[in-house]
Amino acid sequence: MPSRPARNPATAPVSAVIGVDSSTQSTKAAVVDTATGRLLAVGRAPHTVTGQGGARESDPEQWWQALRAAVAAALAESGLDPAAVTGIAVAGQQHGLVTLDADGNPLRPALLWNDTRSAPQAAALTAALGREGWLDRTGSVPVASMTAAKWMWLRENEPAVAAATAAVRLPHDFLTERLSGAAVTDPGDASGTCWYDPDTQGYDPELLALTGIRADMLSTVAATGATRAGHLTAEAAHALGLPAGIPVAAGTGDNMAAAVGLGLGAEGLLDHPVVSLGTSGTVFAATRNRPHSALLAGFAATDGTRLPLGCTLNCTLAVDKVAELLGLDREDAAPGGEAVLLPFLDGERTPDLPAASGLLHGLRHDTTRQQILGAAYEGAVVAVLRALDELPLVPRQATDAPDAPLRLIGGGARGTMWVETVRRLSGRAVILPDSGELVALGAAALAAGAATGRDPVALATEWGTGEGRELPAVPRDTAIWDRVTSVLDRATPALLTTRP
């Protein structure tokens, strides 16, 4: 990738944009130099997630307060005159259900992507059209995380709230509307609802009727995440300390923004897979090919290409819990030997086992605590990588060409054991991008696109935010792979499902 152009601060005043990453646990606001992509400052503010059992909820008003606090902290750290900011965009956690009254106020806490109470409704939706029917219509089979399933849960369990709902928003839509006053989303985040058809690039009327929601209750779908949703309102500008009237991009979901930050898309890299290791584990790639697999969500990318994605619920937090139970540091692990640990502590999405719990198999007298922890890493990584082979990527042109390297991102990418486990179980080279705030940087590229009219993937490629260190491939550990997948296939679902 081209190197970032140098800037002479004595002759060139900084023009900046703000990219917001509103995730499950916190909000980050990145102030980015529009010309170079240089990260000038990052502000942070936490969120609270509540709920017992399968419930996971957050107050949307807290997201807005966190966005305000994060932007204020970032501006203070950057030392910039707020007048230098020329655009803003939000990337948010996907799928969440935000219900608003006629005045735009939340009626209840948002149901988050990892709330599994809607599993029965997802199963009912799947049965209504069949797996193939859903794959043909949306590219995705409904699971508990999808917004449509959450809306069905609300209608069945809190009918008064559903009846009072005037508008439904995704988390990033809610914040974009607070900034601009416009109810706008993008193809990427819309494709995670099970209401949107990436082929027609619009909401499917039959799916809306099936779930009992009206199109006028949903956000308008902009052409891309960099499309101007509107301009910063005077009220929002006062709350954030930014100039009124600057462009607000439509924004997108967090996975789509990470893809932009990596330079994935029509104006960048196509068919290059990414593994993200965070609260959830994901594998995805920007491609022009239509996916058709129940292991994948058939997402659209925010730039008009596709972003098929496999997602597991249990990744870094699950492995950290196992380390805590064993009294070990997360890095004090060894390959699992004969032990297999499937760390499905919070139910699971891929495979679709929302009522699953963890399973430990193959203990011996000589099994060590370090091997059990290593087995937790292996179980989590196998669950993510099983979806890799389902991605509809263009084959390598030469038959003897090596597989494309995996770009490894997320909090786990900073852990030696995570990185080495991915290398051992994938057999691929691994690229570790230098930039640590890819979602926020991707959102900043969308903001810059809205401000300048340029393609955000091309901008991120010029910025070099996806560049990083490449680790060579190591021989794939097929013995451990086969051991884990054998236990997973034999245990599914009888030994993993503990709740009706």
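Start counting the sequence shown at 2; every next residue gets the next number (my numbering).
Glycine included, each C-beta is placed from N, C-alpha and C at the ideal position.
Can you look up residue i in the DSSP assignment and give me helix, strand or coil?
i: Thr486; result: helix
i: Val15; result: coil
i: Ile410; result: strand
i: Ile432; result: strand
i: Val222; result: strand
i: Arg229; result: strand
i: Val33; result: strand
i: Thr400; result: For Thr400, the predicted structure reports a pLDDT of 42, less than 50, and the residue's modelled location is therefore unreliable. A value from the coordinates is still provided. Thr400: coil per DSSP, three-state reduction.
i: Val323; result: helix
i: Val475; result: coil
i: Leu497; result: coil
i: Phe345; result: coil
i: Val395; result: coil
i: Leu288; result: With the sequence shown as reference, residue 288 is identified as Thr, and Leu is not the correct amino acid for it. Note: Thr288 maps to strand in three-state DSSP.
i: Ala168; result: strand
i: Ala301; result: strand
i: Asp187; result: coil
i: His366; result: coil
i: Leu130; result: helix
i: Ala84; result: helix
i: Leu354; result: strand
What is the rounded straight-line gap between the Cα of residue i and the Cα of residue j?
i: Ala430; j: Arg331; result: 23 Å
i: Ala168; j: Arg132; result: 28 Å
i: Ala399; j: Asp272; result: Reliability of the predicted coordinates at Ala399 is poor, the pLDDT of 43 falling under 50, and the value obtained from them is presented with this limitation in mind. If I take the Cα positions, the gap works out to 15 Å.
i: Thr493; j: Val33; result: 46 Å
i: Thr288; j: Ser277; result: 17 Å
i: Pro434; j: Asn158; result: 44 Å
i: Thr87; j: Gly231; result: 13 Å
i: Ala226; j: Ala259; result: Note that residue 226 corresponds to Gly in the displayed sequence, not to Ala. Going from the Cα of Gly226 to the Cα of Ala259 covers about 12 Å.
i: Gly97; j: Leu326; result: 30 Å
i: Gly213; j: Leu113; result: 20 Å
i: Asp390; j: Gly469; result: 24 Å
i: Glu472; j: Asp404; result: Residue identity check: residue 472 is Leu in the sequence provided, not Glu. Roughly 14 Å separates the two Cα atoms.
i: Val420; j: Leu296; result: 23 Å
i: Gly363; j: Pro406; result: 32 Å
i: Ala223; j: Asp187; result: 5 Å
i: Gln202; j: Gly299; result: 13 Å
i: Ala17; j: Cys316; result: 34 Å
i: Thr127; j: Ala245; result: 45 Å
i: Arg291; j: Arg365; result: 45 Å
i: Asp321; j: Ser427; result: 22 Å
With DSSP as the reference, identify every bridge partner of residue i, one or two as the case may be.
i: Gln253; result: Checking the displayed sequence, the identity of residue 253 turns out to be Thr instead of Gln. According to DSSP, Thr253 bridges with Ala92.
i: Arg45; result: Lys29
i: Ser277; result: Thr283, Ile410
i: His173; result: None; His173 has no bridge partner.
i: Asp22; result: Lys29, Ala92
i: Arg470; result: Leu433
i: Tyr204; result: Tyr197
Would you grab the beta carbon distance between residue i and residue j for me? Rounded to a whole angstrom, and I think it's under 8 Å.
i: Leu171; j: Ala237; result: Actually they do not touch by this definition, with Cβ atoms about 18 Å apart.
i: Ala111; j: Glu58; result: 6 Å
i: Met441; j: Gly80; result: Here residue 441 is Ala; the residue named in the question, Met, does not match the sequence. Between Gly80 and Ala441 the Cβ distance is about 19 Å, and since that is not below 8 Å, they are no contact.
i: Leu68; j: Thr28; result: 5 Å
i: Leu447; j: Ala250; result: 4 Å
i: Ala301; j: Gly437; result: That belief does not hold up - the Cβ atoms of Ala301 and Gly437 are roughly 26 Å apart, past 8 Å.
i: Gly311; j: Thr351; result: 5 Å
i: Gly443; j: Val261; result: 4 Å
For residue i, which of the options has the nearest alpha-carbon?
i: Glu268; options: Arg69, Val15, Glu463; result: Glu463
i: Thr466; options: Leu40, Trp65, Gly252; result: Leu40
i: Thr283; options: Ala123, Leu409, Thr127; result: Leu409
i: Ser192; options: Thr253, Arg455, Pro206; result: Thr253
i: Pro344; options: Thr479, Asn115, Pro336, Leu497; result: Leu497
i: Thr35; options: Ala149, Ala46, Val15, Asp478; result: Val15
i: Glu379; options: Ala388, Trp482, Ala445; result: Trp482
i: Leu208; options: Gln372, Ala356, Leu136, Val275; result: Leu136
i: Val485; options: Ala377, Leu265, Ile89; result: Ala377
i: Gly348; options: Arg118, Ile89, Ala84, Gly38; result: Arg118
i: Ala319; options: Ser281, Ala356, Val341, Ala298; result: Ser281
i: Ala459; options: Asp304, Ala240, Ala164; result: Asp304
i: Ala474; options: Val488, Ala461, Ile432; result: Ile432
i: Asp174; options: Ala145, Gly93, Ala324, Asp367; result: Gly93
i: Ala414; options: Leu346, Val395, Leu439; result: Leu439
i: Gln372; options: Gly54, Pro336, Pro396; result: Pro336
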